[in-house]
Amino acid sequence: MTLSDIIIEKIKKEGPISFQAFMEMALYYPELGYYASTKDKIGKNGDFYTSSNLTSAFGAMIGKQIEEMWNLMNQIPFTIVEYGAGTGALCHDILVYLENNQKLYVNLKYCIIEKSRAMCEKEKAHLHEKVSWHESIAEIGKINGCIISNELLDTFSIHQVIMKEKLMEIFIDYQDDFIEILKPADESLTNYFSELGVKLPKEFHAEINLQAIQWIKEIALSLQKGFIITIDYGYLSDDLYSPKRSWGTLMCYSKHKVNSHPYIDIGHQDITSHVNFSALTHWGLKNEIGICGFTDQPRFLLGLGFKEYLRQQEEKNENISQAALKEAILTHTFLMDMGTKFKVLIQQKGIATRELSGLRFS
1 MTLSDIIIEK
11 IKKEGPISFQ
21 AFMEMALYYP
31 ELGYYASTKD
41 KIGKNGDFYT
51 SSNLTSAFGA
61 MIGKQIEEMW
71 NLMNQIPFTI
81 VEYGAGTGAL
91 CHDILVYLEN
101 NQKLYVNLKY
111 CIIEKSRAMC
121 EKEKAHLHEK
131 VSWHESIAEI
141 GKINGCIISN
151 ELLDTFSIHQ
161 VIMKEKLMEI
171 FIDYQDDFIE
181 ILKPADESLT
191 NYFSELGVKL
201 PKEFHAEINL
211 QAIQWIKEIA
221 LSLQKGFIIT
231 IDYGYLSDDL
241 YSPKRSWGTL
251 MCYSKHKVNS
261 HPYIDIGHQD
271 ITSHVNFSAL
281 THWGLKNEIG
291 ICGFTDQPRF
301 LLGLGFKEYL
311 RQQEEKNENI
321 SQAALKEAIL
331 THTFLMDMGT
341 KFKVLIQQKG
351 IATRELSGLR
361 FS
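So the sequence shown is residues 1 to 362, counted in my numbering.
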């Protein structure tokens with residue numbers, strides 16, 4: 001039975017399901033969901049690239065920022081928690097960079113929280129020293145250190161809504177094909193916009209990521225002292241709910257092509273939506289998580305010396321022209337092309353706010 005058949009069977013048995021329930025099944029249903037399957041997702045043979053899979057310099061810059069955070073925390077034993085580590089490339093590159101600081105490295109723990117068993121097995125195949133795997137942050141206990149998510153929150157299952165006379169939520173029914181129907185949005189969805197002070201115009205489509213709110217609440221319970229680095233597609237509320245995005249931000253990725261058809265190739269394509277960074281800061285503050293700063297990925301990397309680091313690495317290459325070309329391509333990709341689409345939010349708990357290098361150009 002295909003995943004599409006399983007979803008159809010569920011609808012016939014229980015009635016229309018919310019888009020959030022559909023997306024959760026499409027992405028995470030055991031063995032058949034997109035992220036639960038064994039198919040390649042990242043890289044040339046997959047459906048998309050991530051920054052950490054294009055160059056080790058990206059992980060090195062995250063490592064450099066973490067090293068600075070460790071110094072600000074008086075060099076105490078440090079725990080890094082990475083949500084959704086993908087192929088494990090970012091973890092590997094951060095550890096390679098931090099290994100040069102033995103005082104930090106000897107008292108370092110690296111914990112990966114991975115929802116996908118298939119991805120977990122890929123990570124374990126080449127990550128060993130310092131790394132442990134967990135199903136939730138609560139398993140780890142109280143944390144002093146840094147929590148990282150890179151392109152994670154955009155894959156959380158979202159509720160889709162549209163403003164009519166009142167806020168309506170999109171549900172999925174099946175009548176010879178998947179169809180969308182509307183039901184009045186419940187209180188958790190209407191409260192979301194009320195909390196953020198957002199008023200949607202009539203006919204405006206939007207996504208609500210309640211899982212991201214729960215995510216920041218869970219982090220607040222576990223993080224005793226330290227930082228949170230969130231890197232993802234997204235905007236602040238003013239930009240996210242501007243007229244040019246009146247049809248929402250839902251996108252699907254398959255074989256490096258983008259489409260807006262979540263009801264095809266179910267389980268075989270990624271489904272994402274842009275992150276509302278205003279929501280993360282708002283519910284963070286409500287849970288004693290403060291704000292260090294917000295910027296885009298190019299400014300974040302420039303503040304950490306990305307170009308200088310690339311140049312130093314490529315100088316080791318005996319082929320000067322090849323090294324120069326590689327540096328130019330990576331600089332364009334991260335600082336002008338792909339990188340401009342990503343934002344970086346850094347939050348903190350239990351630390352007096354001080355300027356971080358990654359935020360110097362924010």
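Don't be surprised by glycine CBs; every beta carbon is placed ideally from N, CA and C.
- Collapsing the DSSP output to three states places Tyr233 in a strand.
- Note on Trp283: 16 or more other CB atoms within 10 angstroms of its CB, so buried under the neighbour-count rule.
- Closest in alpha carbon position to Asn144, among Ile228, His128, Glu151 and Lys202, is Ile228.
- In the three-state scheme derived from DSSP, where H, G and I count as helix and E and B as strand, His261 is classed as coil.
- In the DSSP annotation of this structure, the continuous segment of the beta strand (DSSP E) that includes Asp270 starts and ends at Asp270 to Thr272.
- Shortest Cα-Cα distance from Ile216 to any of Leu280, Asp154, Lys44 and Glu139 involves Leu280.
- By the CB criterion at 7 Å, Trp133 and Cys146 fall outside the cutoff.
- In chain order, Ala212, Asp232 and Val275 place their CB closer than 6 Å to the CB of Leu153, counting only its own chain and leaving out the 5 sequence neighbours on each side.
- The Cβ atoms of Leu167 and Ala138 do not sit closer than 7 Å to each other.
- Taken in chain order, the unbroken stretches of beta strand (DSSP E) that lie wholly in the stretch 100–124 and span 3 residues or more are 108–113.
- The shortest CA-to-CA distance from Arg360 to any of Phe277, Gln297 and Thr38 is the one to Gln297.
- Here the stretch 6–24 makes no contact with the stretch 93–104; the two share fewer than three CB pairs at distances below 8 Å.
- DSSP, read as helix, strand or coil, puts Phe361 in coil.
- The DSSP assignment places complete beta strand (DSSP E) segments of no fewer than 3 residues inside the stretch 122–164 at 131–134, 143–150 and 159–163, in order along the chain.
- The residue from Thr2, Gly226 and His159 with its alpha-carbon nearest to that of Ile208 is His159.
- Taking C-beta atoms under 8 Å as the contact rule, Asp5 and Ser56 fail to qualify, at a distance of about 42 Å.
- Residue pairing by DSSP puts Glu207 in a beta bridge opposite Gln160.
- Separation of Phe342 and Ser273 (C-alpha to C-alpha, rounded to the nearest whole angstrom) is 13 Å.
- Per the coordinates, the alpha-carbon of Asn150 lies some 15 Å from the alpha-carbon of Lys41.
- As computed with DSSP, Glu169 is found in a beta bridge with Val161 and Lys183.
- In the three-state reduction of the DSSP assignment, Ile351 falls in the coil class.
- Looking at the DSSP output, Ile80 bridges to Tyr110 and Cys146.
- Gly86 carries a coil assignment under DSSP once its states are collapsed to helix, strand and coil.
- 7 Å or more divides the Cβ of Phe334 from the Cβ of Leu356.
- Rounded to whole angstroms, the gap between the alpha carbons of Ile80 and Ala89 is 15 Å.
- Looking from the CA of Gly33, the closest CA among Gln269, Leu182 and Asn191 belongs to Gln269.
- Sequence-distant partners of His261 (beyond 5 residues in either direction) whose C-beta falls short of 7 Å from its own C-beta, in its chain, are Cys252.
- Distance from the CA of Lys142 to the CA of Arg299, rounded to the nearest whole angstrom, comes to 32 Å.
- Under the criterion of beta carbons closer than 8 Å, Met163 and Glu203 qualify as touching, at roughly 7 Å.
- Bridge partners of Tyr35 according to DSSP: none are assigned.
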